[in-house]
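A short write-up of the structure that comes next.
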Amino acid sequence: MSTARYSVDSVVRGLKEVLTQYLESQYHIWDESIINERRAVLALPGTIAQHPFVEATPAYVRGPAYSALPLPSDVRAVLERCAKINKSGVFAEPYLHQANALVEFFTNGQQLIVATGTGSGKTETFLFPILGLLAQEAAARPGIAALPGCRALLLYPMNALVNDQLTRLRRLFGNREVAAYLAKQRSRNVRFGIYTSRTPYPGPHDARRDRVELQRRIDALLAGMTPQLQLRLEDNGMWPAKDMWAFQANQYQTGPDDTELFTRHEMQRACPDILVTNYSMLEYMLLRPVDGAIFDATTRWLKASSENFLTVVVDEAHVYRGSSGAEVSLLLRRLQSRLGVARDRVRYILTSASLGTGTAAAEDAKEFAVDLAGGSKASFSFITGTREVLDGAAPGSGAIADELASFDFATIYTAAEGDAQRERATAALEHLAALLSMPLKVRVGSLADLRDLAYQICAALPVARNLANSLSEGPTHLAELASKMFPQSASAVAATDTLLALVSFASRSVDDKPFLPLRLHLLFRGLDGLYACIDPNCSGHLSPHAAPTLGRLFDTPRLYCGCGSRVYELLTHRDCGAAFIRGFWRENDESFLWHEAPVDRGAQGGRLVAGNTGPVSPTVDTQADRTSAANPTARKFCRLLNGGASRRATPKRYSADRIVQP
Numbered sequence: 018m019s020t021a022r023y024s025v026d027s028v029v030r031g032l033k034e035v036l037t038q039y040l041e042s043q044y045h046i047w048d049e050s051i052i053n054e055r056r057a058v059l060a061l062p063g064t065i066a067q068h069p070f071v072e073a074t075p076a077y078v079r080g081p082a083y084s085a086l087p088l089p090s091d092v093r094a095v096l097e098r099c100a101k102i103n104k105s106g107v108f109a110e111p112y113l114h115q116a117n118a119l120v121e122f123f124t125n126g127q128q129l130i131v132a133t134g135t136g137s138g139k140t141e142t143f144l145f146p147i148l149g150l151l152a153q154e155a156a157a158r159p160g161i162a163a164l165p166g167c168r169a170l171l172l173y174p175m176n177a178l179v180n181d182q183l184t185r186l187r188r189l190f191g192n193r194e195v196a197a198y199l200a201k202q203r204s205r206n207v208r209f210g211i212y213t214s215r216t217p218y219p220g221p222h223d224a225r226r227d228r229v230e231l232q233r234r235i236d237a238l239l240a241g242m243t244p245q246l247q248l249r250l251e252d253n254g255m256w257p258a259k260d261m262w263a264f265q266a267n268q269y270q271t272g273p274d275d276t277e278l279f280t281r282h283e284m285q286r287a288c289p290d291i292l293v294t295n296y297s298m299l300e301y302m303l304l305r306p307v308d309g310a311i312f313d314a315t316t317r318w319l320k321a322s323s324e325n326f327l328t329v330v331v332d333e334a335h336v337y338r339g340s341s342g343a344e345v346s347l348l349l350r351r352l353q354s355r356l357g358v359a360r361d362r363v364r365y366i367l368t369s370a371s372l373g374t375g376t377a378a379a380e381d382a383k384e385f386a387v388d389l390a391g392g393s394k395a396s397f398s399f400i401t402g403t404r405e406v407l408d409g410a411a412p413g414s415g416a417i418a419d420e421l422a423s424f425d426f427a428t429i430y431t432a433a434e435g436d437a438q439r440e441r442a443t444a445a446l447e448h449l450a451a452l453l454s455m456p457l458k459v460r461v462g463s464l465a466d467l468r469d470l471a472y473q474i475c476a477a478l479p480v481a482r483n484l485a486n487s488l489s490e491g492p493t494h495l496a497e498l499a500s501k502m503f504p505q506s507a508s509a510v511a512a513t514d515t516l517l518a519l520v521s522f523a524s525r526s527v528d529d530k531p532f533l534p535l536r537l538h539l540l541f542r543g544l545d546g547l548y549a550c551i552d553p554n555c556s557g558h559l560s561p562h563a564a565p566t567l568g569r570l571f572d573t574p575r576l577y578c579g580c581g582s583r584v585y586e587l588l589t590h591r592d593c594g595a596a597f598i599r600g601f602w603r604e605n606d607e608s609f610l611w612h613e614a615p616v617d618r619g620a621q622g623g624r625l626v627a628g629n630t631g632p633v634s635p636t637v638d639t640q641a642d643r644t645s646a647a648n649p650t651a652r653k654f655c656r657l658l659n660g661g662a663s664r665r666a667t668p669k670r671y672s673a674d675r676i677v678q679p
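Using this note's numbering, read the sequence shown as starting at 18 and increasing by one per residue.
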């Protein structure tokens, strides 16, 4: 791998240059002055590229440990146990809003509206309550816990969000240790299933379709699979939480150790405890007799104990407004009617990153929740997150900026390639720490140790803390961010590049907590067109030229240039690069050239106005007459833009005073 210094700044400049070269090669121009002017327009911020925005996922304040929360003992026990299981997704110290959600749900018996930002752990605010409910039921009602039935319904607006959720469910409920713990008192595994249009397959069970559809899909999944690859996929939640080889060998019957239901017919035979779907599929399921078994099993489970209730999670709740919100609201009421239970036997958890904060937002959100799901405003609790502010934050000095700017952070990008690369990265980080006078307590023997070393450097660096606090407030231009981090340094941008590389690489080994997760927003666009001032003596030229043909170029249409001259659309010939000005005239009046088609039906469009090879008027391109006369293709091009064969052999030319003046 190349060790080139790929910084934020260099990547943005490189991408912009590639896009510029593409546009220039695809739309070539013969005239040098117009070429230079176009390149100057393309270089302007906002023409084809914006300044890059840097954004961080905000850190949130940690809450107390589960042992310190006023929770039912069975709920506390399962959370503490799962927190000790590697890669379960349950951490020893939840965020404060996650802890508040648990207390409100279990201790105060409230329904929840979770309004925290993206990346704040909203998913855990409903997965942890579901986990606690399953443990609580198994401990208090083991016989009823063995019954099939949907305990939690996770409702999403689209399949993409459903698929994203699947990885979380596999990591938690598909984890073998978690599954064994939950199965202890219920004599079976807790099971979950994804039921969308992509779930195989619609209609009644058919052995022939099993062989055709299921076998093809599972063969593709198992092809080339190795135990090592499967283990990596399982760690990332990318592999089904079931024995797929046994599933295929047993004619697609659910195995006793399976926690994930893969097909619709598995769910119809034994209703999953956790059902994930979207509102469109739920509508179909309520109508189709073949899915009736899912709701029948849930009804039997609900009626088996007055303490049983269905938990409905509505993710991205803010999208259910207007007519679509009314449809989903009625759908939820039909679901309740199909189950044959009262409203108090269904508890809702609504999540969204777009409901706002503050007292007014809380009242609006509760009113929205009541309209969507029913119940009373008093039954809903509004949960928001508290962003963490790091102490000891300060801008960096010029000396620190110089040290960071000289650091070759390409070494940490290649650290995973082998021992030699990791040792080189370790030496570079230790050298940087020595230059910054930082004591280190990490002995590097692995990539995780190297990331921990970077974490220690960032944690001890006031400017890194300042970066975290600044980016937590929202996206920031790279140049603006650099001036805030290193206000008195000429190497501020290079130093900020290094700082961004370090904080995104750094993570704490004890809990894999990254120092600062970053996102970079690069905004590019194509060019809709170019528009030219027709005065070659224009005072607004972006690229001065000894003998300009036209005035300033613009990337958006307008009537006048800043110099007072008219602006027309610029066209070029793909074959020869000749440039033309596009104008319109009325059929009964050719004394004035319009920059756009007049509204009356008598207007003729697309007239190309060409000039000669000598001194030119402000209307024209110097090569157009010569090319049009010598090149039949260019002549045909002129006629085509006229709407057919021209009445004149040569395009009509207009004098400067009849075009520049209105």
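All C-beta atoms, glycine included, are put in the ideal place defined by N, C-alpha and C.
Which class does residue i belong to by DSSP, given the choice of helix, strand or coil?
i: L478; result: coil
i: L199; result: helix
i: E586; result: strand
i: P306; result: helix
i: N554; result: coil
i: W602; result: strand
i: P244; result: helix
i: Y365; result: strand
i: G31; result: helix
i: E490; result: coil
i: A433; result: helix
i: T280; result: coil
i: L540; result: coil
i: N629; result: Caution applies to N629, whose pLDDT of 30 falls short of 50 and renders its modelled position unreliable; the value that the coordinates give is listed next. If DSSP states are grouped into helix, strand and coil, N629 belongs with coil.
i: A549; result: strand
i: F532; result: coil
i: F312; result: helix
i: F385; result: helix
i: L484; result: helix
i: L570; result: strand
i: A673; result: In this predicted model, A673 has a pLDDT of only 36, less than 50, meaning its place in the structure is not dependable; the value taken from the coordinates is given anyway. Of the three classes helix, strand and coil, the one that applies to A673 here is helix, per DSSP.
i: R757; result: A question about residue 757 goes unanswered here, because the residues of the chain that appear run from 18 up to 679.
i: Y577; result: strand
i: A614; result: coil
i: R525; result: strand
If distances are taken between C-alpha atoms only, which option among the options comes closest to residue i?
i: A76; options: L539, H590, L535 and E604; result: L535
i: G357; options: F326, G342, Q38 and S340; result: F326
i: C555; options: L570, D592, S500 and R234; result: L570
i: R168; options: D26, V35, V329 and L86; result: V329
i: F279; options: R208, E300, N295 and H335; result: R208
i: G557; options: S487, E54 and E613; result: E54
i: R205; options: G254, L164, Q245 and P146; result: L164
i: F597; options: G375, Y83 and Y44; result: Y44
Assuming residue i and residue j make a contact with CB atoms under 8 angstroms, what is their CB distance in whole Å?
i: A197; j: F190; result: 12 angstroms between Cβ atoms; not a contact.
i: I46; j: T589; result: 5 angstroms
i: D332; j: L129; result: That pair is no contact at about 12 angstroms.
i: L303; j: R351; result: 6 angstroms
i: V480; j: A496; result: In fact, because the Cβ distance is near 17 angstroms, the residues do not count as touching under 8 angstroms.
Specify, as a first and last residue, the run of the beta strand (DSSP E) that residue i falls within.
i: G210; result: F209 to I211
i: W611; result: D606 to W611
i: S214; result: It is not in any beta strand (DSSP E) - S214 carries neither H nor E in the DSSP assignment.
i: T328; result: L327 to V331
i: T294; result: I291 to N295
Just to confirm the assignment, what range does the alpha helix (DSSP H) spanning residue i have?
i: R515; result: In the sequence as displayed, the identity of residue 515 is Thr instead of Arg. First-last of the alpha helix (DSSP H) with T515: A509 to F522.
i: M455; result: Element bounds for M455: n/a, residue is neither H nor E.
i: R233; result: Q232 to L239
i: Q353; result: G339 to L356
i: Q265; result: M261 to A266
i: F426; result: Unbroken run through F426: none, as it is neither H nor E.
i: K501; result: L495 to M502
Within the region 103-178, note down every full beta strand (DSSP E) run reaching 3 residues or more, in order along the chain. 128-131 and 169-173
Can you give, in chain order, each stretch of the alpha helix (DSSP H) that sits fully within the region 23-91 and has at least 4 residues? 25-43 and 49-60
Pick out the complete beta strand (DSSP E) segments inside the region 393-419, 3 residues or longer, and give them in chain order. 397-400
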